[in-house]
Amino acid sequence: MIDTLIPQIVNGLVLGFLYVLIAVGLSIIFGLLGVVNFAHGAFFALGAYFALTLYETFGWPAVVFAPILVGLIGMAVEVLLIRRLYGKEPLIGLILTFALGLLIEALIRLAWGAGGHPFSPPPFLAGIVEYGPLLITRYRLAVLVTTMALLAGLWAFLNYTPFGRILRAGSRDAEMVGMLGINLPRVLTGVFGLGCLLAGIAGVLAAPLWTVTPSMAAGAIMPAFVIVTIGGLGSYLGAIVAGLLVGVVTALTIQFMPEASAAAMYVLMAAILLVRPRGLFGERWERFE
Amino acid sequence: MKDKEISPLAISRRGLLTTAGRAVAGGAALSVGSPFILSARGEVPAKIGLVFAKQGTWTEQGELLVNGANIALEQAKGQVLGRPVQLVWYDEPSPQAAQQNLQKLAEEEKVIAALGGTNSGTALAMSAVARRVKIPFITPNAAAREITGKECNPYTFRVLTTTSVASRAMGPYLASLGKKWYFICASYAYGQDVYTEMKKQLEEAGGTEVGSDKTPLGTADFSSFLLKIRQAKPDVIVAGLPGGDLSAFLKQFADMGLKGKIPVACPIIGDSDLWSIGQDAATGIYGKPWHFSDPTNTAADKSFIDAYQAKYKKPPADKAWLGWFSMRSLLLGIEQGKATDAAAIVRGLETARFEDGAIPAYYREWDHQMLRRSLVLKVKDKITDKWDWLDVLKVTPERAADLEPQFGTRDEVGCKMEAL
Chain D
0 MIDTLIPQIV NGLVLGFLYV LIAVGLSIIF GLLGVVNFAH GAFFALGAYF ALTLYETFGW
60 PAVVFAPILV GLIGMAVEVL LIRRLYGKEP LIGLILTFAL GLLIEALIRL AWGAGGHPFS
120 PPPFLAGIVE YGPLLITRYR LAVLVTTMAL LAGLWAFLNY TPFGRILRAG SRDAEMVGML
180 GINLPRVLTG VFGLGCLLAG IAGVLAAPLW TVTPSMAAGA IMPAFVIVTI GGLGSYLGAI
240 VAGLLVGVVT ALTIQFMPEA SAAAMYVLMA AILLVRPRGL FGERWERFE
Chain L
0 MKDKEISPLA ISRRGLLTTA GRAVAGGAAL SVGSPFILSA RGEVPAKIGL VFAKQGTWTE
60 QGELLVNGAN IALEQAKGQV LGRPVQLVWY DEPSPQAAQQ NLQKLAEEEK VIAALGGTNS
120 GTALAMSAVA RRVKIPFITP NAAAREITGK ECNPYTFRVL TTTSVASRAM GPYLASLGKK
180 WYFICASYAY GQDVYTEMKK QLEEAGGTEV GSDKTPLGTA DFSSFLLKIR QAKPDVIVAG
240 LPGGDLSAFL KQFADMGLKG KIPVACPIIG DSDLWSIGQD AATGIYGKPW HFSDPTNTAA
300 DKSFIDAYQA KYKKPPADKA WLGWFSMRSL LLGIEQGKAT DAAAIVRGLE TARFEDGAIP
360 AYYREWDHQM LRRSLVLKVK DKITDKWDWL DVLKVTPERA ADLEPQFGTR DEVGCKMEAL
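Protein sequences appear in the order of chains D and L. Read in order, the letters of the first sequence are residues 0 to 288 in numbering that gives the first Met the number 0. Read in order, the letters of the second sequence are residues 0 to 419 in numbering that gives the first Met the number 0.
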């Protein structure tokens, strides 16, 4: 029994960390801009596609520029479109970002074709690692380490840098931050860019894990929403705990009740919301209540 | 009541449009300086409807099917029974929308027949509409047995082999590889069809099922399933997964170091799905209706391959061929029926015979299933060509007499065709 459970749990944790990375970007954007970014999955897919093209043209090292490109596109999108949504009816934001997501997906189809593209992990990360019952591909292990490092770095950035402090303050009381003489519009552009950058990184990491297809956006955005909801809005720790929970629960459902594996995370979400309506680590946010 | 109020208006509008259409057609013929007689004979073009995905998961299949259909029409010089043919292509984002679009094609565009369905879900839904609005409907790429089984109807024709036929074609070969099978099948019509049919093959061969998983459609990460498979140690893995899912599965299968250790089999695969897996991960035994490098391809097949290659700079995938073959069968069926009314087209399709190598292909009269050979192929051990990754293991049946039994008896198929 334990031989079955250990590999599944470890596998679930890897997936969970990847989900966390997507969810954190979504959570930061929502927390600060008050915009539910339905296009987040599309930025994720864009990251994967940029990585694919950069790899094919310039080789592996160029792949690091993929998320940066995604972040820059995110910033342009914020200046052109998202900026107009602040303080407006949330529904407009939903519709706009939803449309944006569809648009990006259509552009991806146009530029790269509707079919899937194979994308193998870099040669030095190919192969598997085995420890007793535990089996994991080397690339998955690398994804695990990378996401953990990234999340720790992001946490330090948000907590110990002046920019991080502005972000955290802005997410609670944007007006007050503005009154203190901080150029908030520029900060907000940066935040949207940061969120998209994170989605892009997740996309780059996921590309060799899954197949690069235009529809990969949908596969990423739903778990991310569920994780943000379970973890509690804007809670960093919440997103991490919820992400790992979703990963492990999904993996274990596949082991014991495969046909329910797609529904498992929604059941988990419903159950947690019944007990804690604001999510696991959700606090009361005056801005949104 | 409401219908009665609307219909006179509809008729007068239609009359007006037809007159306008003729005027335009006549004018166009004059302006390019064609003999005047052409506009009299050319009439209004005969419209043929297409309902294939323009967006979503099935976009690529939709495009390939339409590309193939276009080539068939070009090869027929764009006409049937001396009338110019115009194709009208609508989208099929969901079964419901596909139904509405087919209905629109029939009622507003007045198509004489339609091709449609990138997948079984939309094809089944549209088949019901074809019956209601009484237009001949050919579905090239749907494998669900019901289409020519218990949901069959006089207007619906299907070209792709059913899952049960494809399973029958490869079952004995798989059983020779080992008797312990693991099933990983998506939880929707096609995936479950694969499970039922291949299970039957396994039981006939006296083997055992060592595991079976229903996977959610659109699964991106199969690693947890692969861990289970690895522990079950099967001789053969039967993957009833649709294109994109299969690509993801095989990629992760190779990443986990399982490629070459356990054979994977899938009764039906498309070339584009195979190509998107990538040469490094591609492996397995597959069923296909047709393959571009199959040495038994006919002269007509070869002219199609040349036309496709010239236009798209790569060999045609099986879906493109299915679109081509379906459209070709429709045009030949209309020529055979000698008229463009639904009953004549249906009769024409039922009686036409299509050149297809050693054994001619045809739509079986009592269930409207296209009866033709199936291929069993295997991914080459060493892939050298950019596109040709498969070797043909077997073409079934070898004798004409075995064609009917391969597609099942009336009892097995379960189609009770009503009168036209």
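For each residue, glycine too, the CB sits at the ideal point set by N, CA and C.
Element boundaries [alpha helix (DSSP H), containing residue i]
i, result
"G189/D", "L183 to A205"
"T121/L", "S119 to V132"
"N69/L", "T58 to Q74"
"T252/D", "Y235 to F255"
"L257/L", "Run containing L257/L: none; DSSP gives neither H nor E here."
"K415/L", "It is not in any alpha helix (DSSP H) - K415/L carries neither H nor E in the DSSP assignment."
"V345/L", "A341 to T350"
"S302/L", "A298 to Y311"
"P66/D", "F64 to L79"
"L402/L", "L402 to Q405"
Strand pairing of residue i, partner residues [DSSP]
i, result
"R82/L", "V79/L"
"K46/L", "Q85/L"
"W180/L", "E208/L and V235/L"
"T214/L", "A185/L"
"Y130/D", "L133/D"
"G286/L", "V375/L"
"V211/D", "H116/D"
Reduced DSSP category for residue i - H, G, I as helix; E, B as strand; rest coil
i, result
"D390/L", "strand"
"A112/L", "strand"
"F156/L", "strand"
"H367/L", "coil"
"T3/D", "helix"
"G86/D", "coil"
"D410/L", "helix"
"H39/D", "helix"
"D384/L", "coil"
"D279/L", "coil"
"D317/L", "helix"
"G15/D", "helix"
"V34/D", "coil"
"D355/L", "strand"
"A360/L", "strand"
"T395/L", "strand"
"K53/L", "coil"
"F35/L", "The predicted model places F35/L with a pLDDT of 42, which falls under 50 and marks its position as unreliable; any figure quoted below should be read in that light. Coil, per DSSP."
"S222/L", "helix"
"F162/D", "helix"
"S149/L", "Checking the sequence, you will find Lys at residue 149/L rather than Ser. Coil."
"P92/L", "coil"
"A261/D", "coil"
"I271/D", "helix"
"D172/D", "coil"
"G152/D", "helix"
"F291/L", "coil"
"E282/D", "coil"
"A22/D", "helix"
Residue nearest to residue i in terms of C-alpha spacing, selected from the options
i, options, result
"P66/D", "W154/D, G194/D, E104/D and L244/D", "G194/D"
"Y181/L", "M197/L, E202/L and S211/L", "S211/L"
"A217/D", "V79/L, M255/L, K103/L and G55/L", "G55/L"
"L212/D", "L31/D, E88/D, V78/D and F118/D", "The question names Leu, but residue 212/D is Thr in the sequence shown. For the residues L31/D, E88/D, V78/D and F118/D, the minimum Cα distance to T212/D belongs to F118/D."
"R144/L", "Q102/L, A188/L, I134/L and V110/L", "A188/L"
"A52/L", "E106/L, V79/L and T121/L", "T121/L"
"M326/L", "G177/L, G77/L, E208/L and E59/L", "G77/L"
"A418/L", "A342/L, E196/L, K149/L and V391/L", "A342/L"
"W111/D", "L133/D, T52/D and V76/D", "T52/D"
"Q98/L", "G243/L, S126/L and I146/L", "S126/L"
"I276/L", "G281/D, L243/D and L208/D", "L208/D"
"V84/L", "A113/L, W57/L and P92/L", "A113/L"
Host beta strand (DSSP E) of residue i (start-end)
i, result
"F136/L", "F136 to T138"
"A264/L", "V263 to C265"
Any contact between the stretch 323–335 of chain L and the stretch 62–80 of chain L? By contact I mean 3 or more CB pairs, one from each, below 8 Å. The stretch 323–335 of chain L makes contact with the stretch 62–80 of chain L; the number of CB pairs closer than 8 Å reaches 3 or more.
For the stretch 123–135 of chain L against the stretch 397–409 of chain L, do three or more pairs of beta-carbon atoms, one drawn from each stretch, fall closer than 8 Å, so that the two count as touching? They do not touch, by the three-pair rule.
Given 8 Å as the limit, is there contact between the stretch 365–377 of chain L and the stretch 157–170 of chain L, that is, 3 or more CB pairs closer than that? The stretch 365–377 of chain L, when compared against the stretch 157–170 of chain L, does touch it at the 8 Å Cβ threshold.
Per the contact definition of three or more C-beta pairs closer than 8 Å, is the stretch 5–21 of chain D in contact with the stretch 163–180 of chain D? No, the stretch 163–180 of chain D does not touch the stretch 5–21 of chain D.
Taking contact to mean 3 or more Cβ pairs, one atom from each stretch, closer than 8 Å, check whether the stretch 66–82 of chain D and the stretch 226–243 of chain D are in contact. No, they do not touch.
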